[in-house]
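Peer 1:
Number of protein chains: 2
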Amino acid sequence: MMTGGTPLRSLDEDELLRRILPAFAPTDELLVAPGDDAAVLRTSERTIATTDTVVLGRDWLDAWSSGADVGRKVIAQNLADVAAMGGHPTGVLVTLVADPELSLEWVLDHVAGLAAACADAGVAVLGGDLSSAPPGVVMVSVTALGRLDGEPVLRSGARDGDVLAVCGSLGLADAGLRLLRAEAADRMPEAVAHQRHPQPPLAAGPAAAAAGATSMLDLSDGLLRDGGRIARASGVVIDVTGAALAPDVAALTGAVGAEVALDCVLAGGEEHSLIATFPAGVLPDGWRAIGTVRAPGEAERPTILVDGRQVSHTGWDHFRDA
Amino acid sequence: MMTGGTPLRSLDEDELLRRILPAFAPTDELLVAPGDDAAVLRTSERTIATTDTVVLGRDWLDAWSSGADVGRKVIAQNLADVAAMGGHPTGVLVTLVADPELSLEWVLDHVAGLAAACADAGVAVLGGDLSSAPPGVVMVSVTALGRLDGEPVLRSGARDGDVLAVCGSLGLADAGLRLLRAEAADRMPEAVAHQRHPQPPLAAGPAAAAAGATSMLDLSDGLLRDGGRIARASGVVIDVTGAALAPDVAALTGAVGAEVALDCVLAGGEEHSLIATFPAGVLPDGWRAIGTVRAPGEAERPTILVDGRQVSHTGWDHFRDA
Chain S
1 MMTGGTPLRS LDEDELLRRI LPAFAPTDEL LVAPGDDAAV LRTSERTIAT TDTVVLGRDW
61 LDAWSSGADV GRKVIAQNLA DVAAMGGHPT GVLVTLVADP ELSLEWVLDH VAGLAAACAD
121 AGVAVLGGDL SSAPPGVVMV SVTALGRLDG EPVLRSGARD GDVLAVCGSL GLADAGLRLL
181 RAEAADRMPE AVAHQRHPQP PLAAGPAAAA AGATSMLDLS DGLLRDGGRI ARASGVVIDV
241 TGAALAPDVA ALTGAVGAEV ALDCVLAGGE EHSLIATFPA GVLPDGWRAI GTVRAPGEAE
301 RPTILVDGRQ VSHTGWDHFR DA
Chain E
1 MMTGGTPLRS LDEDELLRRI LPAFAPTDEL LVAPGDDAAV LRTSERTIAT TDTVVLGRDW
61 LDAWSSGADV GRKVIAQNLA DVAAMGGHPT GVLVTLVADP ELSLEWVLDH VAGLAAACAD
121 AGVAVLGGDL SSAPPGVVMV SVTALGRLDG EPVLRSGARD GDVLAVCGSL GLADAGLRLL
181 RAEAADRMPE AVAHQRHPQP PLAAGPAAAA AGATSMLDLS DGLLRDGGRI ARASGVVIDV
241 TGAALAPDVA ALTGAVGAEV ALDCVLAGGE EHSLIATFPA GVLPDGWRAI GTVRAPGEAE
301 RPTILVDGRQ VSHTGWDHFR DA
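As you go down the protein sequences, you meet chains S and E in turn.
Sequential numbering from 1 applies to the first sequence in the UniProt record's numbering.
Sequential numbering from 1 applies to the second sequence in the UniProt record's numbering.
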């Protein structure tokens, strides 16, 4: 935990809010800004809601990520979930629970990162909460809301004959994490930057929905694990084409070696690119095909394969992989 | 932290979700239930959003509150904020960040409390997150959404000539806390129950808005502190009538003594009753007048008084009162 400078405990809650709230720009959808019991957001008939939390020592290390990095990343991963339903993010609520010894300077840097990510996406900060925590604990919890103009794109809609496609990079965040662990960040700064603050292709989500995507997810836990979720929810077999991933693997091989690069591409989490299935012949700009969808054969269970074969892999599980 | 039985770490996230999600009943507004990237809620033109977090050791003690109590309370305090804007609560998102040694039995009891409070209020659970935390840490963060049919009732709308009124009890939760501290819960079980799981008068919020309330807050931090917020935001002087509080003080005196009872009524937090100002002559069912609103005199600052006098008091501040 970052200490030094001004500890949080030296400010009361009102003073702290006066330092924080001006960082957040209003949007046209924000009808009542934070500061009352609650905020008021202009909405339409359907609103998407999702939430995701990051914890110091588990989701970030201060040695590797600045407060601003953590702020940008927690917003990005929440907004990616809104986009993956086919929605336009409109608002977030942010809760900081922290040891009162945490440095105010870290908090203000974190707030600047939150605010920048929100401004980039045209998203309003609708509110938040500040609470103190036991020594050494810092966590940030974000809830994101979004506007859904059409039908939601679920994980359960993939159909026989569809194409599996990806929008964005594969394996970059995981490669970045491995480089940070190896103290070799300079081998591929782009990967490390993606690990620190991914920039999900948010506009591609609603565009894919409008183009007819049959299923969609953002890549939180790796291509095989997230793709497997689509396969099981849809009752289909997804067959990833190994050759289609060759450029992704090649892009990482110089930095982490070919074997690790393949692991990163297949199982690397925190990427926050989008994967989706489309009817054959439909592939919106910015998406590339990486596999096919078929009905399971007799005695075959819904699953994800690579070149027709089951590939062992692990993924991130919050309580088990600790 | 409650340990023993089955530790959380013995289940993976999917297994845990299979134990948790069936507790939550769908509502008519819930268009896509949790389990995908995000949930989808039916909304209207204006949506209220607020968030509030509780931390073990700070907001509850296991010796005093069951998991279910904590669940009911964190929902209640969030929904009270929606009601205090004049809205109808429609959905919540719930995040549990916990030491993996936490007992699964505590979590399931907690979930039952969350689910019961949501069912009572007709509110859907839209999603959540599970994350592991350092040893001994358990925290629950809730975001609540609500439908606003008319104009929001802000803290800034109180006007010269209005009446200050309250809907619900005063000081009960604080008296309950003091009885728990004194190991004398049996002196007033009703107060202890209100401390453990308050039941805010949720329907009174939108009813007050419809009746013309000019300002409204839920009592989180005590009558003087929350009333002072209305006074400052509205640029008025609020004069509480001491005699109007006599029944509240009398109700607590047998359990905590007259002096402490007055403290509880004036400054007790976590009550989650509603206070509001109404134009003279307007007082909806269930509300009772406890003061008046006037413009500040020359060289007088906006403030809250009791029988014309400034009363010293403290209130709850998350970082300072630790």
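Backbone N, C-alpha and C define an ideal beta-carbon position, used for all residues, glycine too.
Computed from a predicted structure; not experimentally measured.
Are LEU93/S and ALA83/E touching if we call contact CB-CB under 8 Å?
Peer 2: The answer is no: Cβ separation not under 8 Å.
Peer 1: Can you list the residues of chain E that LEU93/S reaches, using a CB-CB cut of under 7 Å?
Peer 2: In chain order: ALA49, THR51, THR143.
Peer 1: By how many angstroms is the C-alpha of THR6/E removed from the C-alpha of ALA33/E?
Peer 2: Spanning the two alpha carbons is a distance of roughly 28 Å.
Peer 1: My output table needs one value for GLY176/S: the three-state DSSP class, helix, strand or coil.
Peer 2: Helix at GLY176/S.
Peer 1: Please identify, using Cβ separations under 8 Å, the residues of the region 18–52 of chain S that lie next to chain E, in order along the chain.
Peer 2: Residues LEU31, VAL32, ASP36, ASP37, ALA38, ALA39, VAL40, LEU41, ARG42, THR43, SER44, GLU45, ARG46, THR47, ILE48, ALA49, THR50, THR51, ASP52.
Peer 1: Report yes or no: is there a C-beta of chain E within less than 8 Å of the C-beta of VAL125/S?
Peer 2: By this cut-off, VAL125/S is not an interface position.
Peer 1: In whole angstroms, what is the alpha-carbon distance linking MET85/E and LEU145/E?
Peer 2: Their backbone Cα atoms lie some 11 Å apart in a straight line.
Peer 1: Are any of the Cβ atoms in chain E nearer than 8 Å to that of PRO134/S?
Peer 2: Yes - at least one Cβ of chain E is within 8 Å of the one on PRO134/S.
Peer 1: What are the start and end residues of the alpha helix (DSSP H) that includes THR253/S?
Peer 2: Start and end: 246–256.
Peer 1: Opposite THR303/E in the DSSP bridges: which residues?
Peer 2: DSSP output for THR303/E lists VAL237/E as bridge partner(s).
Peer 1: Nearest-angstrom Cα distance between GLY150/S and ALA210/S?
Peer 2: Answer to the nearest angstrom: the Cα atoms are 8 Å apart.
Peer 1: Taking the alpha carbon of ARG19/S as the reference point, which residue from VAL111/S, ARG159/S, GLY171/S has its own alpha carbon closest?
Peer 2: Here the closest residue by C-alpha is VAL111/S.
Peer 1: Please classify LEU223/E: does DSSP put it in a helix, a strand, or coil?
Peer 2: Correct three-state label for LEU223/E: helix.
Peer 1: Can you pull the chain A neighbours of ARG309/E, defined as C-beta to C-beta under 9 Å?
Peer 2: In summary, chain A is missing from the structure at hand, where the protein chains are S and E.
Peer 1: Counting beta carbon pairs with one atom in the region 263–272 of chain S and one in the region 173–188 of chain S, are three or more of them shorter than 8 Å?
Peer 2: Cβ pair count under 8 Å is three or more, so yes.
Peer 1: When we look at the beta-carbon of GLN310/S and count the other beta-carbons within 10 Å, is it buried (16 or more) or exposed?
Peer 2: The residue in question, GLN310/S, is exposed, as its Cβ has fewer than 16 Cβ neighbours within 10 Å.
Peer 1: Between which two residues does the beta strand (DSSP E) holding LEU41/S run?
Peer 2: It spans 39–42 - the beta strand (DSSP E) in which LEU41/S sits, taken as one unbroken run.
Peer 1: Please report how far the alpha carbon of ALA261/E lies from the alpha carbon of LEU252/E, in whole angstroms.
Peer 2: Those two C-alpha atoms are separated by around 5 Å.
Peer 1: Within the 8 Å Cβ cut-off, does SER234/E reach chain S?
Peer 2: By this cut-off, SER234/E is not an interface position.
Peer 1: Are the region 292–300 of chain E and the region 242–250 of chain E touching, with three or more C-beta to C-beta distances below 8 Å?
Peer 2: Contact between the region 292–300 of chain E and the region 242–250 of chain E is absent, because fewer than three Cβ pairs lie under 8 Å.
Peer 1: So, do the region 59–67 of chain E and the region 58–69 of chain S have three or more beta carbon pairs nearer to each other than 8 Å?
Peer 2: Judged by Cβ distances under 8 Å, the region 59–67 of chain E makes no contact with the region 58–69 of chain S, as fewer than three pairs qualify.
Peer 1: Along the region 195–227 of chain E, where does the CB come closer than 9 Å to a CB of chain S? Name the residues.
Peer 2: So the close ones are MET216, LEU217, ASP218, SER220.
Peer 1: Grab the span of the alpha helix (DSSP H) containing GLY71/E for me, first residue to last.
Peer 2: Where GLY71/E is concerned, the enclosing alpha helix (DSSP H) stretches over 67–84.
Peer 1: Mind checking VAL158/E: buried by the 16 CB within 10 Å criterion, or exposed?
Peer 2: Going by the sequence as given, residue 158/E is Ala instead of Val. It counts as buried.
Peer 1: What three-state label does DSSP hand GLY113/E in the structure shown?
Peer 2: Reduced to three states, the DSSP call for GLY113/E is helix.
Peer 1: Do you know offhand how far ALA204/S's Cα is from GLY91/S's?
Peer 2: When rounded, the distance between both Cα atoms is 18 Å.
Peer 1: Residues of chain E with CB closer than 9 Å to the CB of ALA84/S, please, in chain order.
Peer 2: Those within 9 Å of ALA84/S in chain E are ASP36, ASP37, ALA38.
Peer 1: Compare the C-beta of residue 325/S against all C-beta atoms of chain E and say whether one is closer than 8 Å.
Peer 2: Residue 325/S cannot be examined here, being either before or after the span of chain S that is shown, 1 to 322.
Peer 1: Three-state secondary structure (DSSP) at ARG288/E?
Peer 2: In this structure, ARG288/E counts as strand in the three-state DSSP scheme.
Peer 1: Which residues bound the alpha helix (DSSP H) around PRO22/E?
Peer 2: Note, PRO22/E: premise wrong, no alpha helix (DSSP H); not H, not E.
Peer 1: Residues in the same chain with beta-carbon distance under 6 Å from THR277/S, minus the five sequence neighbours each way, listed in chain order, please.
Peer 2: The residues are ALA158, ASP162, LEU164, THR214, SER215, VAL293.
Peer 1: Along the beta strand (DSSP E) that carries residue 362/E, what are the first and last residues, could you check?
Peer 2: What is shown of chain E runs 1 to 322, which leaves residue 362/E out entirely.
Peer 1: What is the DSSP secondary structure of PRO206/S, reduced to helix, strand or coil?
Peer 2: Helix at PRO206/S.
Peer 1: Excluding the 5 residues preceding and the 5 following GLU101/E in the sequence, name in chain order all residues of the same chain whose CB lies nearer than 8 Å to its CB.
Peer 2: Excluding positions up to five away in sequence, the list reads MET1, THR3, PRO7, LEU8, ARG9, PRO135.
Peer 1: Apply the 10 Å Cβ neighbour rule to SER312/S and answer buried if 16 or more other Cβ atoms are within range, or exposed otherwise.
Peer 2: SER312/S is exposed by the Cβ-count criterion.
Peer 1: Leaving out five residues on either side along the sequence, give the residues of the same chain with a beta carbon under 7 Å from the beta carbon of VAL55/S.
Peer 2: Closer than 7 Å at the Cβ level, and outside the excluded window around VAL55/S, lie MET139.
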